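Residue numbers (UniProt numbering): 1 to 362. We treat Cβ as the ideally placed atom computed from N, Cα and C, and that holds for glycine. Just so it is clear, the structure is predicted and the values come from calculations on it, not from any experiment. Inspection log for the structure reproduced underneath, given as structure tokens.
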């Protein structure tokens, strides 16, 4: 169904050293060398987050109460917001604004597009443009993660700039040079710890939802009918409590590609209530259920992991997807210039999960 190779792009960076950097642009030449924002201390370089306080002892009632009262801090509830309020939330989430380029850190759960009348990123771009002082210049989405993921969104008020960026991303995919780096937390530890995932996928309507389905040995007819060969690099950055912090670099574009790829590794992303149910367990051994026979249901976590995360079984259904578009490469000003890099911090619920799992470097 899929093959895992041992070679990973030689430009793979140390994710942990870059987390927590906010509003950082830097040139990249040859390798990615993360650096801390001004004033950051070296000891913050591991998993820099929005809440960097030292973990309290397990017996601390203050820590226990805070965790139980707010198991997923910082989640956006769009159903309680109007367009102007959402635009203000997004304005506060701006990571950088350079000329026509605006980059923000998208909250998890916010769809980029949707049906007419739905509150989406696209629907509030006029209000966001006004809030950012762009007046009559219209913003357009150049790149963004899907609804359930969080992370960097690239916007532009200049059609020529947007076109140039799109050409850069397309060329990078054709030459298999990753421009986007996600970080995710998986239920399970991928083996081997790094590799390349190749699998053909197609979208199929199931239970009223378009789901990504693996296709074995696709024919030319399959390709013409919408089957796409997908490719991702993965690298395990840290492990703990049977979970892993994984760096993911997609080299193709397909809906839910990274979630499906990690499920195929038998290590679904935490908070993936769509594809995680395809992973079953018998006598402690994991296996894949056939995609077409798997019913949609919330992710199931074992009791030991629930205790570590300090969650009740009823709270798992509200667990957000732990998949964050952490870093983007952008083209240099001139063709000979090295790429620039933009980094966004982790959501607070992601940071909380890292602390609960006490992830440590391999």
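Let's see if you can read the secondary structure: which residues bound the beta strand (DSSP E) around residue i?
i: residue 200; result: 194-206
i: residue 248; result: 243-250
i: residue 233; result: 228-240
i: residue 123; result: Premise fails: residue 123 is in no beta strand (DSSP E) and is neither H nor E.
i: residue 186; result: 180-187
i: residue 140; result: 140-143
i: residue 281; result: 279-282
i: residue 286; result: 285-288
i: residue 215; result: 209-215
Please state whether the Cβ-Cβ distance between residue i and residue j is less than 8 angstroms.
i: residue 196; j: residue 228; result: no
i: residue 325; j: residue 145; result: yes
i: residue 243; j: residue 357; result: yes
i: residue 149; j: residue 321; result: yes
i: residue 175; j: residue 327; result: no
i: residue 233; j: residue 178; result: yes
i: residue 103; j: residue 152; result: yes
i: residue 348; j: residue 73; result: yes
i: residue 267; j: residue 187; result: yes
i: residue 81; j: residue 108; result: no
i: residue 125; j: residue 91; result: no
i: residue 270; j: residue 185; result: yes
i: residue 105; j: residue 95; result: yes
i: residue 255; j: residue 203; result: yes
i: residue 147; j: residue 199; result: no
i: residue 291; j: residue 214; result: yes
Check for me: the alpha helix (DSSP H) holding residue i runs from which residue to which?
i: residue 262; result: 257-264
i: residue 150; result: Where residue 150 is concerned, there is no enclosing alpha helix (DSSP H), although the beta strand (DSSP E) it sits in stretches over 150-156.
i: residue 223; result: 220-224
i: residue 169; result: 159-174
i: residue 304; result: 303-309
Return the Cβ separation of residue i and residue j in integer angstroms, given the expectation that the two are a contact with Cβ distance under 8 angstroms.
i: residue 342; j: residue 330; result: 6 angstroms
i: residue 224; j: residue 212; result: Not quite, the Cβ-Cβ distance comes to about 18 angstroms (not below 8 angstroms), so this is no contact.
i: residue 249; j: residue 237; result: The Cβ separation is near 12 angstroms, so there is no contact.
i: residue 100; j: residue 157; result: 5 angstroms
i: residue 132; j: residue 97; result: 7 angstroms
i: residue 239; j: residue 309; result: Wrong, their Cβ atoms sit about 16 angstroms apart, outside the cutoff.
Can you confirm whether residue i, when its beta carbon is compared against all beta carbons of chain D, has any partner nearer than 8 angstroms?
i: residue 216; result: Of the chains in the structure shown, none is chain D; there is only one protein chain.
Tell me whether the segment 161-178 and the segment 107-119 touch, counting them as touching only if at least three CB pairs, one residue from each stretch, are closer than 8 angstroms.
no
Within the chosen definition, does the segment 217-232 reach the segment 265-279 through at least 3 CB pairs nearer than 8 angstroms?
no
Can you confirm whether the segment 299-319 touches the segment 245-262 when touching is taken to mean that 3 or more C-beta pairs between the two stretches lie within less than 8 angstroms?
Not touching, per the Cβ criterion.
Taking only runs of the alpha helix (DSSP H) that begin and end inside the segment 72-135, which ones reach a length of at least 4 residues, in chain order?
83-92, 125-131
For the segment 319-361, which segments carrying the beta strand (DSSP E) assignment without a break, of at least 3 residues, lie completely within its bounds, in sequence order?
323-330, 340-343
Would you be able to state if there are at least three C-beta pairs under 8 angstroms between the segment 298-311 and the segment 215-224?
Fewer than three beta-carbon pairs drawn from the segment 215-224 and the segment 298-311 are found closer than 8 angstroms, and the two stretches are therefore not classed as touching.
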